[in-house]
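Those letters in the first sequence? Residues 2 to 140, per my numbering, in order.
Cβ atoms here follow ideal geometry from the backbone N, Cα and C, with glycine treated the same way.
Note that the coordinates shown come from a computational prediction; the quantities given were computed from them, not determined experimentally.
Scroll down for the structure; my scribbles are underneath it.
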Amino acid sequence: MAHWLYKSEPDTWSWDQQVARGEAGEHWNGVRNYLARKHLQAMKIGDQGFFYHSNEGKAIVGVVEVIKEYYPDHTDETGRFGMVDLKAIKSLKRPVTLQEIKDDPRLKDMVLVNNMRLSVQPVTDAEWAIILALGGLES
DNA sequence: GCCAACGTTGGC
DNA sequence: GCCAACGTTGGC
């Protein structure tokens, strides 16, 4: 099962809003980048990912899960891009900050460090485990 | 609020 | 198909 990382500006769509959507989840619209699209297309139902707050917070704050696979993004008038639906699974006990990730030599190859601007990123199993261990999951 | 990095667009 | 111009992202 693959792991992912989704970036969102809290002013636009925050973790609290995602949690409030509950089991219904929410569509992850607005991606307009081909590499990010490729990742969206590769996602399977049940894949989990990190929810990252950019600008405000700059930290991984929670875990989401894919509940609907790639389908057209109706907000894209060119018809080129699509989206998946995500639901919140759990919050981290404490956020894992960008600074912390940058400072950890085990995480130096993370896409978040090397290709900061990519809004949907793959996360390796090793990175996934390290960050979960750092943040811990709410029970 | 600045600005570097970088992806996309469009003229040629 | 190249590449300059432009727009956007996101850390600082």
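Beta strand (DSSP E) runs wholly inside the stretch 69-98, at least 3 long, in chain order: 83-98
Reduced DSSP category for Glu66 - H, G, I as helix; E, B as strand; rest coil: strand
Whole-number beta carbon distance between Thr98 and Lys59, since they are thought to touch under 8 Å: 6 Å
Cα-Cα separation between Asp74 and Leu41, rounded to whole angstroms: 11 Å
Segment contact, 8 Å Cβ cut-off, at least three pairs: the stretch 31-51 with the stretch 120-137: yes
Strand pairing of Leu6, partner residues [DSSP]: Phe51 and Gln122
Own chain, CB closer than 8 Å to Leu108, minus 5 neighbours either side, in chain order: Ile102, Val114, Glu128, Ile131 and Ile132
Rounded straight-line distance, which links the Cα of Asp126 to that of Glu24: 25 Å
Outcome for Lys94 when other beta-carbon atoms lying within 10 angstroms are tallied against a minimum of 16: exposed
Phe52 versus Ile61 - alpha carbon distance: 6 Å
Glu27 - DSSP class collapsed to helix/strand/coil: strand
C-alpha distance - Glu78 paired with Glu27, whole-angstrom precision: 20 Å
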